[in-house]
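When we follow the numbering used here, the leftmost residue of the sequence shown carries the number 1, and every step to the right adds one.
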Amino acid sequence: MSTISPTPATPDGHHAEAVAVAAERRWAVVVGIIMGIIVLLMIFAGVHWLSMPPSRVETVNVRTLHLQGEFVEGNLGTAVDGDGKVTVRLVAQQYSFEPQCLVVPQGVPVTFRGTSADAIHGFIVGTTNANTMLIPGFVATFTTTFPRAGEQLMPCHEYCGIGHEAMWAKVQVLPREEFMERARHAERMSCVPR
Ligand code: CUA
Numbered sequence: 001m002s003t004i005s006p007t008p009a010t011p012d013g014h015h016a017e018a019v020a021v022a023a024e025r026r027w028a029v030v031v032g033i034i035m036g037i038i039v040l041l042m043i044f045a046g047v048h049w050l051s052m053p054p055s056r057v058e059t060v061n062v063r064t065l066h067l068q069g070e071f072v073e074g075n076l077g078t079a080v081d082g083d084g085k086v087t088v089r090l091v092a093q094q095y096s097f098e099p100q101c102l103v104v105p106q107g108v109p110v111t112f113r114g115t116s117a118d119a120i121h122g123f124i125v126g127t128t129n130a131n132t133m134l135i136p137g138f139v140a141t142f143t144t145t146f147p148r149a150g151e152q153l154m155p156c157h158e159y160c161g162i163g164h165e166a167m168w169a170k171v172q173v174l175p176r177e178e179f180m181e182r183a184r185h186a187e188r189m190s191c192v193p194r
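This is the structure we're talking about:
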């Protein structure tokens with residue numbers, strides 16, 4: 001009475017097993033096709049990037065970042081050139097941005113130049129389109145304009161370790177005249193309390 005069988009001990013037990021095997025085989029074919037498509041996409045993406053590399057790649061030596069060159073501490077913050085070009089330079093590291101508070105003018109194109117001293121970080125400024133990754137060894141740069149004055153939060157948006165969620169800075173967007181007035185008195189600006 002207690003015969004142990006892998007399939008139901010019904011007259012069509014054999015038939016049920018055949019149905020199950022056919023279903024498994026169909027699944028194997030479907031999964032195989034999906035995997036094939038994924039591999040093809042990877043090959044296509046790799047060849048595409050290889051044949052059309054990004055037009056502009058700027059590198060920086062992580063080992064000497066704090067010692068020499070553009071990203072030494074004294075050169076960070078907001079600078080205004082003789083011709084009025086506004087550039088913000090910043091460095092990200094676990095788990096803070098340097099400077100912690102950035103000053104930018106309202107309604108004037110601002111060029112950001114940033115890099116990372118350790119892991120991959122990133123930032124986004126409030127609800128604006130200022131958004132980039134900061135990768136060690138590379139300089140990230142973009143130009144944007146802030147239409148509204150006021151203070152924006154600038155959180156790190158690439159998971160960079162246990163302190164990631166506590167990594168953020170502030171951006172103060174000042175009315176143009178107020179910004180230019182401050183720029184007259186300082187070579188490098190930030191809103192970090194001193
Ligand atoms: Cu830095 Cu997340």
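Even glycine gets a Cβ: it sits at the ideal position worked out from N, Cα and C.
Buried or exposed by the 16-neighbour rule on C-beta atoms within 10 Å, applied to residue i
i, result
"VAL110", "buried"
"LYS170", "buried"
"ARG113", "buried"
"LEU40", "exposed"
"GLN68", "exposed"
"THR78", "buried"
"SER190", "buried"
"GLU73", "exposed"
"VAL80", "buried"
"ALA115", "Here residue 115 is Thr; the residue named in the question, Ala, does not match the sequence. THR115 should be labelled buried."
"GLU24", "exposed"
"VAL86", "buried"
"MET154", "buried"
"MET42", "exposed"
"LEU76", "buried"
"PHE179", "buried"
As assigned by DSSP and simplified to three states, the class of residue i
i, result
"ALA204", "Since the first residue of the chain shown is 1 and the last is 194, residue 204 is not available in this structure."
"ALA45", "helix"
"GLU98", "strand"
"LEU50", "helix"
"LEU90", "strand"
"VAL19", "helix"
"MET35", "helix"
"TRP168", "strand"
"ALA127", "In the sequence as displayed, the identity of residue 127 is Thr instead of Ala. Looking at THR127 - three-state DSSP - the assignment turns out to be coil, as it is neither helix nor strand."
"VAL173", "strand"
"VAL57", "coil"
"VAL104", "strand"
Residue i, enclosing beta strand (DSSP E) - first and last residue
i, result
"ARG113", "109-116"
"GLY150", "150-155"
"LEU134", "131-134"
"GLY77", "77-80"
"HIS121", "121-124"
"ALA140", "140-145"
Endpoints, alpha helix (DSSP H) assigned at residue i
i, result
"GLU177", "176-185"
Distance CB(residue i)-CB(residue j) smaller than 8 Å
i, j, result
"GLY126", "LEU134", "no"
"ALA117", "VAL91", "yes"
"ILE120", "GLU158", "yes"
"VAL104", "VAL173", "yes"
"TRP168", "CYS156", "yes"
"VAL57", "PHE138", "yes"
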